[in-house]
Amino acid sequence: MSKGLPKRSENYSEWYNELVKRADLAENSAVRGCMVIKPYGYSIWEKMQRALDDMFKETGHTNAYFPLFVPKSLFEAEETNAEGFAKECAVVTHYRLKADPNNKGKLIADPDSKLEEELIVRPTSEAIIWNTYKNWIQSYRNLPILINQWANVVRWEMRTRLFLRTAEFLWQEGHTAHSTADEAIAETKQMLDVYARFAEEWMGVPVVKGTKTPNERFAGAEDTMCIEAMMQDGKALQAGTSHFLGQNFAKAFDVKFQSKEGTLEYVWGTSWGVSTRLMGALIMAHSDDNGLVLPPKLAPLHVAIVPIYKGEDQLEQIREKLKPLMTGLKSKGITVKFDDDDQTRPGFKFAEYELKGVPVRIAMGMRDFDNGTIEVARRDTMEKQTVELNAQTDEFIKSLLDDIQTNIYQKALDFRKQNTFIVDTWEDFKKQIELGGFLMCHWDGTSETEEKIKEETKATIRCIPLDAVEEEGTCVYSGKPSKKRVVFARAY
RNA sequence: CGGGGUGUAGCGUAGCCCGGUAUCGCGUUUGGUUUGGGACCAAAAGGUCGUCAGUUCGAAUCUGGCCACCCCGACCA
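Residue numbers (our numbering): 59 to 550.
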């Protein structure tokens, strides 16, 4: 492990890439555009999964699993959806290989094994799932269906970046079916709230809840809601989406139910998802030049203890002295590691735990040992303090962890506030967008204006915020009347 | 797919213009001394210089083809 990360302020994207690699989160693989998620990175993802999964269960959902492959004819069924994803689909055309007669030791796809119908590697699962739901739904008594799936999907992206955009990624996708539009809309909103709560309470990342414009809407949805987060370079990151599908998929797959009144009606649907992209959001929202900063609620390791000693005797003395504290912490559900690795020195360990974002570090050498104290360092502020070691120390650490969780959220929220601007003129818009941040502007509601702004500034409408206040205004670009401000930003 | 660039040890690199079998750092191995902020000393292992062909007594170096990857655009959770 070499010293020092690139500076965040000098080259944000290089800083990000290096951080992901050095903190042992993920690395590029031999497969173009696909990453290897390393054990440390995966353990963070597992914590995210668990928290989200619990929230899904609390809101009445259950998990199921559907196939990786979608027959092309099913994929085509919902036209808007199919067209939206067509240009980034991996397609399976053969089912076996054979020795290449012209090239010894090489294999080719056996021409005799050509599939009669090609299989699409799922970029999203609406098609295969709605085709299945058709068989599950006959009556209003079968509704609602509230299912979530944890899976991998493939979208053949041109340019990829670890966690933010990879050709294959891990995610969850919820797919629900309802008897009324109102119920489906309520579900869409409920899951958006779940995502927002997860982002803010667990990841410590404040988000703007809103609705996408038709341009940015999910292909096949009637309405797409999203949560948008601000990264430390002022760019926006879409962190999660929740779609109201209307009856689009029900019509495409002929999914009807008999109502209480005896009428035959199409089912209303929703789908919602978050992906390993959340890892990217987590990294970019909090980390600094020393490495990762993890919110305690998602940190695989909460407290690293570094003993500073000469010889086995001192190590054992320190270990014994800290045993009650470690027991106390563990009983409070706090994960602790006593790092007695003799191969690396304390300074190296300090740097390493900082790089990996461990929220709290405790050090004890003979000086502390004699004084009955420990040195406690918090990762978020890098502050160190000497604390008396007694029966209350575990409580102190617990509240410190809570404090760190609150603090990093507050810090991110303050950052977002400082980088959110009310912009009313096109001149200001062009200036401000170069500096980054969220621009709150009036927009005339047309796709044309949205596209022109994108062409000229690379900024897109991230969302129409749910809490936008009604006010009279004029579009920042066209000058036409507008009633609400929307969020413009450059995005990942 | 358009524009630019790069392939040399596990990683990062020098050498290339001006041809003579490869430099340095990190990491690794062994031994010793160390341990309150990324230790030091000593020794060692590790490279068909992306690939194929050509020029030459001789190619990492010159020429051509191919392949891969990276960056910038269009696309995107």
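We put the CB at the ideal spot given by N, CA and C, even for glycine.
- Message: For a test of the three-state rule: what should DSSP assign to Ser-60, helix, strand or coil?
- Response: Translated into positions along the first sequence, residue 60 becomes position 2. With a pLDDT of only 44 at Ser-60, under the threshold of 50, the placement of this residue in the model should not be trusted, and no figure is reported.
message = Based on DSSP bridge pairs, tell me the residues matched to Arg-543.
response = By 1-based counting over the first sequence, the position of residue 543 is 485. Arg-543 pairs with His-500.
Q) Whose CA, out of Asp-397, Gln-196 and Gln-107, lies closest to the CA of Gln-230? A) The residue labelled residue 230 in the question sits at position 172 within the first sequence. Considering only alpha carbons, the answer is Gln-107.
inquiry  = For Asn-121 and Gln-207, which I take to be in contact (beta-carbon distance under 8 Å), what is that distance rounded to the nearest angstrom?
reply    = Mapped onto the first sequence, residue 121 falls at position 63. Mapped onto the first sequence, residue 207 falls at position 149. Indeed, because the Cβ distance is near 7 Å, the residues count as touching under 8 Å.
Does Trp-330 come out as helix, strand or coil in the three-state DSSP assignment? In the first sequence, counting from the first residue as 1, residue 330 sits at position 272. Trp-330 falls in the strand class under three-state DSSP.
Assigned secondary structure, His-152 (DSSP; H/G/I helix, E/B strand, else coil):
For the purposes of this step, residue 152 is taken as the residue at position 94 of the first sequence. In the structure shown, His-152 sits in a strand (DSSP, three-state: E or B).
Check: DSSP state of Phe-124, grouped into three classes?
Finding: Looking up residue 124 in the first sequence gives position 66. Coil at Phe-124, not helix or strand.
Looking at C-beta atoms only, is the number of pairs between the segment 122-138 and the segment 298-311 that lie closer than 8 Å three or more? The segment 122-138, when compared against the segment 298-311, does touch it at the 8 Å Cβ threshold.
**Prompt:** Got a sec? Which residues, its chain only, sit under 6 Å from Val-128 by beta carbon, not counting five neighbours each side?
**Reply:** Counted from its first residue, the first sequence places residue 128 at position 70. Once the five neighbours on either side are set aside, the close Cβ partners of Val-128 are Ile-178, Arg-180, Ala-185 and Ile-186.
| task | Could you pull the start and end residues of the alpha helix (DSSP H) that Glu-374 belongs to? | result | For the purposes of this step, residue 374 is taken as the residue at position 316 of the first sequence. 369-389 is the span of the alpha helix (DSSP H), which, as asked, contains Glu-374.
Quiz item: Which residues in the same chain have their Cβ closer than 8 Å to the Cβ of Glu-514, if we skip the five residues on either side of it in sequence?
Solution: Counting from 1 along the first sequence, the entry for residue 514 is found at position 456. Cβ neighbours of Glu-514 beyond the five flanking positions: Lys-488.
Reducing DSSP to helix, strand and coil, say where Val-416 ends up. In the first sequence, residue 416 corresponds to position 358, counting from 1. Val-416 falls in the coil class under three-state DSSP.
Query - Same chain, Cβ closer than 6 Å to Lys-456, five either side skipped, listed in chain order - result: For the purposes of this step, residue 456 is identified with residue 398 of the first sequence, where counting begins at 1. If we look at Lys-456 and ignore the five residues flanking it on each side, its Cβ neighbours are Lys-390.
- Message: Taking the beta carbon of Met-59 as the centre, do at least 16 other beta carbons fall within 10 Å, making it buried, or is it exposed?
- Response: Taking the first residue of the first sequence as position 1, residue 59 is located at position 1. Bear in mind that the predicted position of Met-59 carries a pLDDT of just 37, short of 50, making it too unreliable to give a figure here.
- Message: What would DSSP say about His-344, mapped onto helix, strand or coil?
- Response: Numbered from 1 along the first sequence, position 286 holds the residue referred to as residue 344. Three-state DSSP puts His-344 in a helix.
Where Pro-523 falls: helix, strand or coil (DSSP):
As a first step, residue 523 must be located in the first sequence, where it is residue number 465. In this structure, Pro-523 counts as strand in the three-state DSSP scheme.
Identify the continuous alpha helix (DSSP H) that holds Ala-254 and give its terminal residues. Within the first sequence, residue 254 is the residue found at index 196, counting from 1. Segment 239-255, the alpha helix (DSSP H) holding Ala-254.
Item checked: Three-state secondary structure assigned by DSSP to Leu-425 -> Position 367 of the first sequence, counted from the start, is the residue given in the question as residue 425. It is worth fixing the name first, because residue 425 is Arg in this sequence and not Leu. Collapsing the DSSP output to three states places Arg-425 in a helix.
- Message: Measuring straight from C-alpha to C-alpha, what distance separates Asn-210 and Leu-126?
- Response: Indexing the first sequence from 1 puts residue 210 at position 152. Indexing the first sequence from 1 puts residue 126 at position 68. Roughly 8 Å separates the two Cα atoms.
For Cys-521 and Gly-268, what's the separation of their Cα atoms in angstroms?
Here residue 521 refers to the residue found at position 463 when the first sequence is read from its first residue. Here residue 268 refers to the residue found at position 210 when the first sequence is read from its first residue. If I take the Cα positions, the gap works out to 5 Å.
Where Ser-67 and Leu-83 are concerned, what is the direct C-alpha to C-alpha distance, given to the nearest angstrom? Residue 67 sits at position 9 when you count from the first residue of the first sequence. Residue 83 sits at position 25 when you count from the first residue of the first sequence. Ser-67 and Leu-83: Cα-Cα distance of roughly 21 Å.
Roughly how many angstroms lie between the CA atoms of Gln-443 and Ala-435, to the nearest whole one?
Counted from its first residue, the first sequence places residue 443 at position 385. Counted from its first residue, the first sequence places residue 435 at position 377. One C-alpha to the other measures close to 6 Å.
- request: Would you check if the distance between the CB atom of Asp-438 and the CB atom of Asn-477 is smaller than 8 Å?
  value: In the first sequence, residue 438 corresponds to position 380, counting from 1. In the first sequence, residue 477 corresponds to position 419, counting from 1. Contact: no.
* Helix, strand or coil at Ala-140 [DSSP, three-state] -> Taking the first sequence and counting its residues from 1, the one referred to as residue 140 is at position 82. Residue state, collapsed to three classes: helix.
Inset, instruction - Confirm, please, whether the CB-CB distance from Ala-294 to Met-288 is below 8 Å. - result: Here residue 288 is taken as the residue at index 230 of the first sequence, counted from 1. Here residue 294 is taken as the residue at index 236 of the first sequence, counted from 1. Yes; because the gap between Cβ atoms is below 8 Å, this pair is in contact.
Handout entry: For Ser-197: DSSP bridge partner residues
Key = For this step, residue 197 is matched to residue 139 along the first sequence. Its beta-bridge partners are Gln-316.
Looking at the secondary structure, which residues open and close the beta strand (DSSP E) in which Thr-182 lies? Counting from one through the first sequence, the residue named residue 182 turns up at place 124. Thr-182 -> no beta strand (DSSP E), and no H or E assigned at all.
Mapping DSSP to helix, strand and coil, what is Ala-357?
Taking the first residue of the first sequence as 1, we reach residue 357 at position 299. Here Ala-357 sits in coil by DSSP.
Review point. Whose CA, out of Val-534, Ser-300, Ser-505 and Pro-354, lies closest to the CA of Gly-331?
Key: The residue you call residue 331 lines up with position 273 of the first sequence. The shortest C-alpha separation from Gly-331 is found at Ser-300.
| Which residue or residues does DSSP assign as beta-bridge partners of Met-283? | Taking the first sequence and counting its residues from 1, the one referred to as residue 283 is at position 225. Beta-bridge pairing links Met-283 to Thr-269 and Ser-300.
Is the segment 339-347 touching the segment 244-254 in the sense that three or more CB pairs, one from each, lie closer than 8 Å?
No: fewer than three Cβ pairs fall under 8 Å.
Quick check on Cys-92: does DSSP put it in helix, strand or coil?
Start at 1 with the first residue of the first sequence, and residue 92 comes out as number 34. Cys-92: coil per DSSP, three-state reduction.
Ile-203, DSSP secondary structure in three states
By one-based count along the first sequence, residue 203 stands at place 145. Strand, per DSSP.
* Buried or exposed: which applies to Gln-468, given that a residue is buried once 16 or more other Cβ atoms fall within 10 Å of its Cβ? -> The residue labelled residue 468 in the question sits at position 410 within the first sequence. Under this definition Gln-468 is an exposed residue.
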